[in-house]
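Undergrad: The structure's right below; bear with me while I get my questions together.
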Amino acid sequence: MWQKYSSCLPASCNKETISETNRKMIKFFLMVNKQGQTRLSRYYEHVEIHKRTMLEAEVIKNCLSRSREQCSFIEYKDFKLVYRQYAALFIVVGINETENEMAVYELIHNFVEVLDRYFSRVSELDIMFNLDRVHIILDEMVLNGCIVETNKNRILAPLFVLDKMAES
Amino acid sequence: MGDPVLTLPELIRRVRGARTQAVERELVQRECARIRGAIRVGDPQAGTANLTKLLYIHLLGYPAHFGQMECLKLLASPQFHKKRIGYLGAALLLDERQDAHLLLTNSIKNDLAHPSPCVQGLALGCLGCLGSAGMCRDLAGEVQRLAADAPAPVRRKAVACAVHVVRKAPELSDVFVPICDRLLQERRHGFLQGTLLLITEMCERSPDVLNHFRKAVPQVVEMLRNLEVSGYSQEHSIMGVSDPFLQVRALRLLRVLGQGSEETSEAMNDTLAQVATNTETSHNAGSAVLYETVLTITAVRSAPGLRVLAVNILGRFLLSRDRNIRSVALASLLRLVHAENSALQRHRATVLACLRDPDPALQRRALDLSLALLSGANIRTMAQELLGFLETCPPAMKPPCASGLLLAAERFAPNKRWHIDTVLQVLTMAGSSVPDDGVSRLVQLIGGAGELHPYIVRRLYGALACDISPQPLVQVATWCIGEYGDLLADSCEEAEPVQVEEGQVLALLERVLQSHLSLPPTRALALTALMKLSTRLQGDIDRIRRIVCVFGSCHDIELQQRAVEYNALFRRYDHLRCPR
Chain A
1 MWQKYSSCLP
11 ASCNKETISE
21 TNRKMIKFFL
31 MVNKQGQTRL
41 SRYYEHVEIH
51 KRTMLEAEVI
61 KNCLSRSREQ
71 CSFIEYKDFK
81 LVYRQYAALF
91 IVVGINETEN
101 EMAVYELIHN
111 FVEVLDRYFS
121 RVSELDIMFN
131 LDRVHIILDE
141 MVLNGCIVET
151 NKNRILAPLF
161 VLDKMAES
Chain B
169 MGDPVLTLPE
179 LIRRVRGART
189 QAVERELVQR
199 ECARIRGAIR
209 VGDPQAGTAN
219 LTKLLYIHLL
229 GYPAHFGQME
239 CLKLLASPQF
249 HKKRIGYLGA
259 ALLLDERQDA
269 HLLLTNSIKN
279 DLAHPSPCVQ
289 GLALGCLGCL
299 GSAGMCRDLA
309 GEVQRLAADA
319 PAPVRRKAVA
329 CAVHVVRKAP
339 ELSDVFVPIC
349 DRLLQERRHG
359 FLQGTLLLIT
369 EMCERSPDVL
379 NHFRKAVPQV
389 VEMLRNLEVS
399 GYSQEHSIMG
409 VSDPFLQVRA
419 LRLLRVLGQG
429 SEETSEAMND
439 TLAQVATNTE
449 TSHNAGSAVL
459 YETVLTITAV
469 RSAPGLRVLA
479 VNILGRFLLS
489 RDRNIRSVAL
499 ASLLRLVHAE
509 NSALQRHRAT
519 VLACLRDPDP
529 ALQRRALDLS
539 LALLSGANIR
549 TMAQELLGFL
559 ETCPPAMKPP
569 CASGLLLAAE
579 RFAPNKRWHI
589 DTVLQVLTMA
599 GSSVPDDGVS
609 RLVQLIGGAG
619 ELHPYIVRRL
629 YGALACDISP
639 QPLVQVATWC
649 IGEYGDLLAD
659 SCEEAEPVQV
669 EEGQVLALLE
679 RVLQSHLSLP
689 PTRALALTAL
699 MKLSTRLQGD
709 IDRIRRIVCV
719 FGSCHDIELQ
729 QRAVEYNALF
739 RRYDHLRCPR
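Note that the protein sequences, when read in sequence, are chains A and B. Counting from 1, one number per residue, gives the positions in the first sequence under this note's numbering. Counting from 169, one number per residue, gives the positions in the second sequence under this note's numbering.
Spelled out as structure tokens, the structure:
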């Protein structure tokens with residue numbers, strides 16, 4: 001039934017249009033440590049690889065220069081950054097201007113709690129050596145820039161299945 | 169090569185141990201070369217090791233595009249652990265711009281029909297983040313089938329994937345509308361989250377779908393009410409607020425549905441009021457829900473009482489100790505200030521208190537908000553507070569504060585005397601941070617305030633005598649003394665009765681002329697002022713003539729020219745002077 005519509009679309013519809021890009025609520029999700037080393041990066045919009053390193057460096061510089069009294073939301077270029085610090089690791093999420101920053105702030109904490117439950121008191125090394133599992137957790141929670149699941153049991157269920165499969 | 173093949177943990181350890189960037193780069197390049205070779209050879213025993221190492225290298229920021237075909241190969245493999253890594257690699261390395269992207273279609277299609285729900289889940293996840301418009305159109309039917317019939321975890325993923333499908337191919341919304349109608353009846357939070365997201369996306373893109381779902385507002389409202397009231401399901405609550413993410417999602421949907429429709433907005437008034445009053449705000453989760461409620465109330469056509477409630481909630485946020493909440497409240501109030509000015513006036517004192525916030529970004533927002541709240545009724549008290557702020561604020565804030573105050577004074581001044589007083593105070597405290605046209609506007613203002621000239625000239629003389637460094641003030645003062653210097657000798661009941669000798673006035677202007685702090689425009693003004701005084705003052709003008717003469721050989725062309733011209737006036741046209 002949808003084939004008949006394909007003829008009335010413009011030829012260049014393969015690439016994302018600007019309006020589609022701006023709709024992504026979460027643009028990227030980063031975990032960077034204080035020395036500027038990225039421990040996890042997930043981009044929900046396409047960013048060139050050399051621009052990624054620049055973006056990550058700038059973002060961590062912005063976060064490190066904030067003092068204790070300043071709030072966790074930074075206006076950066078044409079979007080917002082929400083960051084939270086856990087020991088030596090910064091979790092930084094880039095969001096659209098229309099997104100609720102406080103909900104994303106809560107999401108970051110939810111993510112860390114899930115990691116805590118899976119790894120039993122997660123540390124930076126856990127994340128480094130188990131990157132694929134951390135990605136699975138993140139992909140359960142956020143799909144294509146939207147929050148889809150926040151319940152810890154449901155997020156971890158596929159991982160436990162995977163672990164059981166790996167054992168056997 | 170002779171080196172043993174590195175495992176991923178080994179590689180990570182080596183990279184961590186690299187002392188310099190150059191050592192790390194060399195290590196990574198060697199590893200990349202080895203992986204490229206291994207991929208080319210295509211060893212069936214290789215497994216996932218190469219790709220996982222490549223993903224790590226990609227994380228470090230090195231190019232890893234040569235791994236794309238390996239991803240595609242792995243995700244077509246029948247073994248689950250290989251498939252999983254293949255899909256992960258595809259999500260990280262591939263995107264629509266790559267040629268290899270099209271090859272995904274077949275694999276995803278096959279995996280969507282796979283008997284194992286885990287595999288179906290992987291395929292849905294991949295389609296949901298990488299699918300191009302063409303792929304989405306091809307596979308929409310499959311996704312819809314899975315969203316309707318499959319076991320629970322797969323259904324959830326299918327709904328989430330449908331969001332992406334609808335984004336890429338908006339005309340396919342019709343396919344998913346019936347499913348959403350059914351899923352709205354669900355009680356399980358996992359489904360509701362995805363369903364509400366899908367409905368929101370569809371409504372944002374298609375007015376027909378929006379109209380259709382406007383009928384569903386009572387259901388959404390009911391859901392929200394149940395969440396508020398239902399005590400709590402342990403699993404979903406965060407710090408006493410039941411499933412804040414779902415509440416935020418529902419509120420966002422209500423916002424989309426209620427915008428532009430009187431009737432729909434009315435249907436949600438009660439529930440919005442209920443959520444606004446009952447939500448616990450002791451923790452961030454509750455505040456997030458409350459913030460979303462406020463955003464919804466202000467976006468739809470809610471009852472006036474409700475809008476005032478929203479503004480009051482934001483006012484309460486301003487008093488919170490949590491700086492995130494204050495930041496968010498100030499940003500929202502700034503957006504609302506024109507629409508809800510009267511409701512905001514109640515919170516003036518709180519906004520002014522925020523001027524002393526330790527965070528400079530919040531201070532700036534509080535300043536902008538205070539300036540927006542100025543009106544004819546409150547100008548006197550507010551200006552007082554803002555002047556106090558101007559005195560003590562950091563240098564970066566002085567320009568916006570000064571220009572804002574000057575504009576507001578011009579718009580709302582109750583009388584000329586107050587206006588001039590305020591502008592003089594701004595000039596004194598702002599130093600050199602006054603906007604460019606501030607000086608000329610003040611000069612124009614003074615020129616028009618005939619009856620106040622004695623008072624003004626005395627005050628300016630006093631200010632200049634104290635401090636000749638802030639240029640805008642000095643410029644205005646010298647101009648004024650030049651114009652009305654003769655009034656200094658008169659007594660004035662509004663200012664202190666200080667005796668000012670003509671000699672003192674001339675001495676002051678001389679100081680300004682000779683000070684290294686004075687800019688060329690200031691010197692020019694001072695010179696002209698002296699010249700004017702030569703006609704206004706009674707005493708001897710030789711002193712003036714001497715000073716003007718000196719500047720005839722000044723380095724600055726403008727000053728030199730003026731001095732020479734004035735000298736000419738003294739020498740050749742003295743007979744034109746009017747008798748004093």
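We put the CB at the ideal spot given by N, CA and C, even for glycine.
1. Grouping DSSP H, G and I as helix and E and B as strand, with all else coil, what is residue 669(B)?
2. Report yes or no: do three or more beta-carbon pairs, one from the stretch 717-727 of chain B and one from the stretch 665-674 of chain B, lie closer than 8 Å?
3. Where does residue 77(A) fall in DSSP's three states?
4. Could you work out which residues of chain B lie near residue 59(A), taking near to mean beta carbons separated by less than 8 Å?
5. Compute the Euclidean distance between the alpha carbons of residue 653(B) and residue 701(B), then round it to the nearest angstrom.
6. My understanding is that residue 439(B) touches residue 389(B), with C-beta atoms under 8 Å, so please give their C-beta distance in whole angstroms.
7. Relative to chain A, which residues along the stretch 372-393 of chain B have a C-beta separation below 7 Å, given in chain order?
8. Is the shortest distance between the beta-carbon of residue 168(A) and the beta-carbons of chain B less than 8 Å?
9. State yes or no: is the C-beta of residue 391(B) within less than 8 Å of the C-beta of residue 435(B)?
10. So, helix, strand or coil for residue 637(B), using DSSP?
11. Could you name the residues that DSSP lists as bridge partners for residue 130(A)?
12. What does residue 297(B) touch in chain A if you count any residue whose Cβ is under 7 Å from its own?
13. Going by C-alpha distance, which of 501(B), 468(B) and 489(B) is nearest residue 483(B)?
14. Answer yes or no: does any C-beta atom of chain A fall closer than 8 Å to that of residue 170(B)?
15. Three-state secondary structure (DSSP) at residue 34(A)?
16. Going by DSSP in three states, residue 468(B) sits in which element: helix, strand or coil?
17. Determine which residues share a DSSP beta bridge with residue 42(A) and list them.
18. Say whether chain A places a C-beta atom closer than 8 Å to the C-beta of residue 396(B).
19. Taking only runs of the alpha helix (DSSP H) that begin and end inside the stretch 445-490 of chain B, which ones reach a length of at least 4 residues, in chain order?
20. By how many angstroms is the C-alpha of residue 520(B) removed from the C-alpha of residue 552(B)?
21. Going by beta-carbon coordinates alone, are residue 468(B) and residue 510(B) separated by less than 8 Å?
22. Taking the Cβ atom as the reference point for each residue, do residue 179(B) and residue 224(B) lie within a distance shorter than 8 Å?
23. Is there at least one non-hydrogen atom of the ligand NAP closer than 7 Å to the beta-carbon of residue 30(A)?
24. Quick check on the DSSP output: the beta strand (DSSP E) that includes residue 90(A) runs from which residue to which?
25. Looking at the secondary structure, which residues open and close the alpha helix (DSSP H) in which residue 349(B) lies?
26. Helix, strand or coil for residue 247(B), going by three-state DSSP, please let me know.
27. Please compile the residues from chain A whose C-beta is within a distance smaller than 7 Å of the C-beta of residue 413(B).
28. If we define contact as Cβ-Cβ less than 8 Å, is residue 30(A) a contact residue for chain B?
29. Look at the alpha carbon of residue 339(B) and the alpha carbon of residue 51(A), and state the distance between them as a whole number of angstroms.
30. Between which two residues does the alpha helix (DSSP H) harbouring residue 101(A) extend?
31. Along the chain, where does the alpha helix (DSSP H) containing residue 122(A) start, and where does it finish?
32. Can you give me the Cβ contacts of residue 319(B) inside the same chain, cut-off strictly under 6 Å, excluding the 5 residues immediately before and after it?
33. Shorter than 8 Å from the beta carbon of residue 175(A) to some beta carbon of chain B?
34. Ignore the nearest five residues each way along the sequence and tell me which others in residue 97(A)'s own chain have a CB closer than 8 Å to its CB.
35. Assuming the contact rule is C-beta atoms closer than 8 Å, residue 143(A) and residue 293(B) should be a hit. Round their C-beta distance to whole Å, please.
36. Beta-carbon separation of residue 474(B) and residue 465(B) under 8 Å?
TA: So, from the data block:
1. coil
2. no
3. coil
4. Those within 8 Å of residue 59(A) in chain B number zero; the least Cβ separation is about 14 Å.
5. 7 Å
6. 5 Å
7. none
8. no
9. no
10. coil
11. Residue 130(A) is not bridged to any residue.
12. 143 and 144
13. 501(B)
14. Its pLDDT being 47, under 50, residue 170(B) is placed unreliably in this model, and the value from its coordinates should be taken loosely. With 8 Å as the cut-off, residue 170(B) does not count as an interface residue toward chain A.
15. coil
16. In the displayed model, residue 468(B) falls within coil according to three-state DSSP, outside both helix and strand.
17. 29(A)
18. It does not; no Cβ of chain A falls within 8 Å.
19. 452-467 and 472-486
20. 11 Å
21. no
22. yes
23. This structure lacks the ligand NAP; in fact it carries no ligand of any kind.
24. 89-95
25. According to the DSSP assignment, residue 349(B) belongs to the alpha helix (DSSP H) that extends over 341-351.
26. coil
27. Residues of chain A with a Cβ closer than 7 Å to the Cβ of residue 413(B) are, in chain order, 103, 147 and 150.
28. no
29. Residue 339(B) and residue 51(A) have their alpha carbons spaced roughly 34 Å apart.
30. 101-119
31. Note, residue 122(A): premise wrong, no alpha helix (DSSP H); not H, not E.
32. 285
33. Nothing about residue 175(A) can be reported from this structure: the residues present for chain A run from 1 to 168 only.
34. 78, 79 and 80
35. In this structure, residue 143(A) and residue 293(B) form a Cβ contact; the two beta carbons are roughly 7 Å apart against a cut-off of 8 Å.
36. yes
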